[in-house]
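Residues are numbered in the numbering used here as their position in the sequence shown, beginning at 1, plus a constant of 58.
Backbone N, C-alpha and C define an ideal beta-carbon position, used for all residues, glycine too.
In this text the structure is predicted, and so the values were computed from the model without any measurement.
To start, the structure itself, in structure tokens.
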Amino acid sequence: MPVAFDVRRFESIDSTNTWVLEQARSGAPEGLVAVADHQTAGRGRLGRVWEAPAGANLLMTVLLRPAVVSYRSLACVALAARDACADVTGGAVTPDLKWPNDLLVDGAKLAGVLAETDGAGAVAVGIGLNVAWAPPGAALLGADVRRDDVVDALLSSLGRWLEVSDASVASAYRAACATIGRQVRVSLVDGEEFDGVAADVDDAGRLLVEVNACLRTVDVGDVVHLR
Ligand code: BTN
59 MPVAFDVRRF ESIDSTNTWV LEQARSGAPE GLVAVADHQT AGRGRLGRVW EAPAGANLLM
119 TVLLRPAVVS YRSLACVALA ARDACADVTG GAVTPDLKWP NDLLVDGAKL AGVLAETDGA
179 GAVAVGIGLN VAWAPPGAAL LGADVRRDDV VDALLSSLGR WLEVSDASVA SAYRAACATI
239 GRQVRVSLVD GEEFDGVAAD VDDAGRLLVE VNACLRTVDV GDVVHLR
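What follows is the structure, given as structure tokens:
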């Protein structure tokens with residue numbers, strides 16, 4: 059059965075991810091979507107803050123209840139966001155994906171995706187996408203783009219990706235992922251840093267990095283594309 063999306067809109071909220079996780083714990087069904095004009099406590103990966111001026115950017119979270127919790131949910135939302143950007147700009151902007159969760163335009167960050175679980179099978183996948191405002195050094199989709207059009211295009215593409223096999227999602231993610239094949243600097247959560255060549259993303263969504271002819275598997279971390 060295709061997912062039916064139920065979009066709730068907020069002028070101001072602490073975090074759309076927090077709200078969706080609360081609804082998930084109360085039994086909300088897959089397809090619940092929160093879209094906010096402004097967040098007072100927006101979260102990024104690894105405990106970071108995610109900020110944007112009111113009314114400027116896309117701030118949304120989708121509740122998914124996958125058969126198996128995996129990186130598939132994040133990959134589907136990232137691929138759908140990429141499709142939506144191409145759709146609303148008439149093909150002018152088709153972002154690359156950067157492992158694990160960014161969308162890039164000409165190497166600059168356009169969007170970030172944050173997937174969080176409620177520990178009981180639900181996944182809240184949030185996306186912050188710079189439509190009309192970007193922090194210094196980041197990319198913009200375009201001040202003339204309507205955020206509602208991005209929401210509609212994203213959900214319509216997401217509905218399709220959610221119907222696609224795991225193998226096809228994984229192969230589309232790899233094909234769109236600009237990290238693969240790049241010289242990268244990896245920073246792990248324990249503070250270790252190393253350089254290598256990103257060889258692949260495995261079926262569990264981990265980055266495989268070739269370092270001195272050995273493959274290192276990265277579960278969680280930050281990556282900088284060096285060249
Ligand atoms: C990242 O790149 O660190 C991920 C950023 C994810 C931000 C979005 S904005 C909508 C949703 N609600 C949140 O609190 N975070 C995500």
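- Message: Could you check whether the Cβ of Ser70 sits closer than 6 Å to any heavy atom belonging to ligand 1?
- Response: No - ligand 1 has no heavy atom lying nearer than 6 Å to the Cβ of Ser70.
- Task: Go ahead and pull the three-state DSSP assignment for Glu69.
- Result: strand
- Name the two residues that bound the continuous beta strand (DSSP E) containing Asp176. Taken as a continuous stretch (DSSP letters only), Asp176 belongs to no beta strand (DSSP E), as it is neither H nor E.
- Between which two residues does the alpha helix (DSSP H) harbouring Ala225 extend? Asp224 to Ala234
- Return helix, strand or coil for Val146, following the three-state DSSP convention. helix
- Item | Residue of Arg140, Asp206 and Val181 minimising C-alpha distance to Ala236 | Arg140
- Leaving out five residues before and five after Ala197 in sequence, what residues of the same chain have Cβ atoms less than 6 Å from its Cβ? For Ala197, where only same-chain residues beyond five positions count, the Cβ hits under 6 Å are Val163, Ala166 and Leu168.
- Query: What are the complete beta strand (DSSP E) segments, minimum 3 residues, inside the segment 81-166?
  - Reply: 90-97, 116-122, 154-156 and 160-163
- Query: How many Å lie between Trp108 and Trp77 at the Cα?
  - Reply: 15 Å
- Query: What are the partner residues of Ala182, as DSSP defines its beta bridges?
  - Reply: DSSP, once it has assigned bridges, lists Leu121 and Glu174 as partnering Ala182.
- Message: Measuring only the C-alpha atoms, how far is Gly239 from Asp280?
- Response: C-alpha separation (whole angstroms): 16 Å.
- Message: Between the alpha carbons of Ser70 and Cys272, how many angstroms are there, rounded?
- Response: 48 Å
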